[in-house]
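Notes follow once the structure below has been shown.
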Amino acid sequence: MRDIQKLSDEQIVEIIRTKDKELFSEIIKRYEEKLLRYASYLLNDSEKAKDSVQNSFIKAYVNLNSFNSKFKFSSWIYRITHNEAINYINKNKNEKPFFENLEIESDENLEEEYSKNEIISMIKTCINQMPIMYKEPLTLYYLEDKSYLEISDILRIPVNTVGVRISRAKALMKKICLKKTK
Amino acid sequence: MSKKNQINIENEVMSQIKSGKISMKPKWYFMLGSTLMFGSVVVLTVVSIFLFNIALFSLKPHYGPGAGFRLEMMINSFPWWAPIIAITGIILAIWLLKKYDFSYRKNFPLIILSFILAVILGAILIDILGFNDYFAKRGPMRGFYRQIENQTNDNFRPGKGNGLRLRKYNQDTFEIDKNVPK
Numbered sequence: 101m102r103d104i105q106k107l108s109d110e111q112i113v114e115i116i117r118t119k120d121k122e123l124f125s126e127i128i129k130r131y132e133e134k135l136l137r138y139a140s141y142l143l144n145d146s147e148k149a150k151d152s153v154q155n156s157f158i159k160a161y162v163n164l165n166s167f168n169s170k171f172k173f174s175s176w177i178y179r180i181t182h183n184e185a186i187n188y189i190n191k192n193k194n195e196k197p198f199f200e201n202l203e204i205e206s207d208e209n210l211e212e213e214y215s216k217n218e219i220i221s222m223i224k225t226c227i228n229q230m231p232i233m234y235k236e237p238l239t240l241y242y243l244e245d246k247s248y249l250e251i252s253d254i255l256r257i258p259v260n261t262v263g264v265r266i267s268r269a270k271a272l273m274k275k276i277c278l279k280k281t282k
Numbered sequence: 008m009s010k011k012n013q014i015n016i017e018n019e020v021m022s023q024i025k026s027g028k029i030s031m032k033p034k035w036y037f038m039l040g041s042t043l044m045f046g047s048v049v050v051l052t053v054v055s056i057f058l059f060n061i062a063l064f065s066l067k068p069h070y071g072p073g074a075g076f077r078l079e080m081m082i083n084s085f086p087w088w089a090p091i092i093a094i095t096g097i098i099l100a101i102w103l104l105k106k107y108d109f110s111y112r113k114n115f116p117l118i119i120l121s122f123i124l125a126v127i128l129g130a131i132l133i134d135i136l137g138f139n140d141y142f143a144k145r146g147p148m149r150g151f152y153r154q155i156e157n158q159t160n161d162n163f164r165p166g167k168g169n170g171l172r173l174r175k176y177n178q179d180t181f182e183i184d185k186n187v188p189k
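Listed in order, the protein sequences are those of chains A and B. Residue numbers for the first sequence follow the numbering used here, beginning at 101 and rising by one. Residue numbers for the second sequence follow the numbering used here, beginning at 8 and rising by one.
What follows is the structure, encoded as structure tokens:
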């Protein structure tokens with residue numbers, strides 16, 4: 101038996117595509133929890149998140165031959181989950197507004213005021229009240245440990261925009277969390 | 008909760024894969040999609056260059072003195088359908104790239120700018136290199152070019168149009184000849 105744990109995602113995908121499709125279960129094992137957490141933050145509902153993650157895995161498998169092994173598999177599968185969640189939100193738009201044109205100032209000093217763990221706990225408490233355009237980069241950066249470049253790949257926005265959104269998201273989160281604690 | 012989900016999602020997805028209920032789309036499907044998309048963009052680019060070039064071609068005989076009047080006449084006789092179709096082509100090409108884009112991060116403003124520049128430069132180059140004159144004299148497009156040339160020249164001929172007759176006032180200007188009965 102191969103030592104599957106040592107293989108990279110991209111190597112596993114290559115084996116699934118050419119030899120052993122049942123190895124897709126390893127991909128599910130590696131990403132299920134992360135994607136469920138990400139989808140739950142986006143959708144604020146664990147059942148809907150579960151459905152969207154299941155659909156994401158099915159879509160990933162069906163379109164596996166379109167994945168380019170030169171790129172990161174994790175960005176690709178996060179992108180599919182992002183699309184699934186956004187499709188769900190768009191279908192149920194009346195449930196929660198997008199706040200697309202919300203004017204929020206940047207906050208570069210949050211890291212100086214709070215430790216990373218404090219920021220993470222703030223995110224977990226207040227994220228549900230944030231608009232999705234700020235929720236996504238913030239979740240990916242602080243909770244999923246993605247780099248700006250990976251977030252740019254997942255959300256298909258320029259790296260600079262990722263930085264701006266994260267900075268604004270921190271300012272907004274601070275406001276929301278402070279309101280909550282008062 | 009996550010362990011329970013993991014078992015459910017993994018089982019559900021893998022059972023669909025094993026039973027053949029879902030299957031991977033073959034590689035050729037995506038290659039065909041990419042080729043068609045690339046082909047469409049190339050065709051749209053060529054058509055846009057051609058249409059933009061026709062617009063330039065129809066303006067060509069009217070360079071020179073009498074600029075104010077000629078500009079007005081030019082606007083009246085300008086083949087507006089050509090740039091409208093060209094711009095629609097550009098928008099369609101960008102939409103195609105966005106919708107069926109299987110690849111990763113792309114700098115869309117740069118792509119759009121390059122596309123527009125390519126169309127304008129292509130059209131000007133065809134004009135400068137004299138391909139317009141060549142096409143107007145020979146080749147399968149001769150009739151089409153002649154038609155556009157004649158149509159434009161007719162519109163610019165003094166003494167023609169809307170029951171009014173124009174007469175030359177001096178070297179640079181024309182005026183409406185009021186002495187001529189309608």
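Ideal placement from N, C-alpha and C gives every residue a C-beta, glycine not left out. Computed from a predicted structure; not experimentally measured.
Check for me: the alpha helix (DSSP H) holding residue i runs from which residue to which?
{"i": "P237/A", "result": "I232 to L238"}
{"i": "K173/A", "result": "Residue identity differs from the one stated: residue 173/A is Phe in this sequence, not Lys. Here the alpha helix (DSSP H) through F173/A covers F173 to K191."}
{"i": "K129/A", "result": "F124 to L143"}
{"i": "D103/A", "result": "No alpha helix (DSSP H) holds D103/A; DSSP gives it neither H nor E."}
{"i": "D109/A", "result": "D109 to T118"}
Tell me which residues share the same chain as residue i and place their Cβ nearer than 7 Å to its Cβ, disregarding the 5 neighbours each side in the sequence.
{"i": "Y188/A", "result": "L143, K148 and S152"}
{"i": "G129/B", "result": "I56"}
{"i": "Y242/A", "result": "I219, I220 and I223"}
{"i": "I251/A", "result": "P237, L240, Y241 and V262"}
{"i": "I276/A", "result": "C226, Q229 and M230"}
{"i": "L164/A", "result": "V113, I116 and R117"}
{"i": "Y131/A", "result": "I177"}
{"i": "S169/A", "result": "E110, V113 and E114"}
Measuring alpha carbon to alpha carbon, tell me which of the options ends up nearest residue i.
{"i": "I180/A", "options": "N165/A, F157/A and K191/A", "result": "F157/A"}
{"i": "N228/A", "options": "S140/A, Y248/A and F171/A", "result": "S140/A"}
{"i": "I29/B", "options": "S169/A, S267/A, A160/A and R137/A", "result": "A160/A"}
{"i": "N15/B", "options": "S174/A, L136/A, P258/A and Q105/A", "result": "L136/A"}
{"i": "V53/B", "options": "G137/B, A125/B and F138/B", "result": "A125/B"}
{"i": "F59/B", "options": "K34/B, V48/B, G46/B and W88/B", "result": "W88/B"}
{"i": "N155/A", "options": "S47/B, Y36/B and Q23/B", "result": "Q23/B"}
{"i": "V162/A", "options": "L120/B, D134/B, I135/B and M31/B", "result": "M31/B"}
{"i": "E110/A", "options": "W176/A, E132/A, K150/A and E122/A", "result": "W176/A"}
{"i": "L255/A", "options": "H182/A, Y131/A, L164/A and N217/A", "result": "H182/A"}
{"i": "K172/A", "options": "K150/A, P258/A and E114/A", "result": "E114/A"}
{"i": "K34/B", "options": "F167/A, K106/A, D145/A and K119/A", "result": "F167/A"}
{"i": "I133/B", "options": "T95/B, I118/B, I61/B and S121/B", "result": "I61/B"}
Helix, strand or coil for residue i? Go by DSSP, reduced to three states.
{"i": "D151/A", "result": "helix"}
{"i": "D253/A", "result": "helix"}
{"i": "N201/A", "result": "Here N201/A scores only 44 on pLDDT, less than 50, and its place in the model is too uncertain to base an answer on."}
{"i": "E244/A", "result": "coil"}
{"i": "P258/A", "result": "coil"}
{"i": "K170/A", "result": "coil"}
{"i": "I29/B", "result": "coil"}
{"i": "G129/B", "result": "helix"}
{"i": "L51/B", "result": "helix"}
{"i": "L136/B", "result": "coil"}
{"i": "N18/B", "result": "helix"}
{"i": "N163/A", "result": "coil"}
Using a Cβ-Cβ distance under 9 Å, would residue i count as near chain A?
{"i": "F109/B", "result": "Confidence at F109/B is low in this model, with a pLDDT of 45, below 50, so its placement is unreliable and no value can be given for it."}
{"i": "S47/B", "result": "no"}
{"i": "S26/B", "result": "no"}
{"i": "I16/B", "result": "yes"}
{"i": "F7/B", "result": "In the structure as shown, chain B begins at 8 and stops at 189. Residue 7/B is therefore absent and cannot be evaluated."}
{"i": "S121/B", "result": "no"}
{"i": "I29/B", "result": "yes"}
{"i": "V20/B", "result": "yes"}
{"i": "F37/B", "result": "yes"}
For residue i, which residues of its own chain have a beta-carbon under 6 Å away from its beta-carbon, when the five flanking residues on both sides are left out?
{"i": "S110/B", "result": "At S110/B the pLDDT is 47, less than 50, meaning the model places this residue with poor confidence; the figure from the coordinates comes in the next sentence. If we look at S110/B and ignore the five residues flanking it on each side, it has no Cβ neighbours."}
{"i": "I104/A", "result": "E126"}
Chain B beta carbons: is any one of them nearer than 9 Å to that of residue i?
{"i": "Q111/A", "result": "no"}
{"i": "I219/A", "result": "no"}
{"i": "S125/A", "result": "yes"}
{"i": "E122/A", "result": "yes"}
{"i": "R117/A", "result": "yes"}
{"i": "I189/A", "result": "no"}
{"i": "N228/A", "result": "no"}
{"i": "Y161/A", "result": "yes"}
{"i": "K129/A", "result": "yes"}
{"i": "K132/A", "result": "Note that residue 132/A is Glu in the sequence shown, not Lys. At least one chain B Cβ lies under 9 Å of E132/A."}
{"i": "N165/A", "result": "yes"}
{"i": "K224/A", "result": "no"}
Counting only the same chain and skipping the five closest in sequence on each side, list residues whose C-beta sits under 8 Å from that of residue i.
{"i": "I128/A", "result": "F157"}
{"i": "L123/A", "result": "I104, I112, I115 and I116"}
So with Cβ pairs under 9 Å, would you call residue i a contact of chain D?
{"i": "F157/A", "result": "Checking the listed chains, one finds no chain D in this structure; the protein chains it contains are A and B."}
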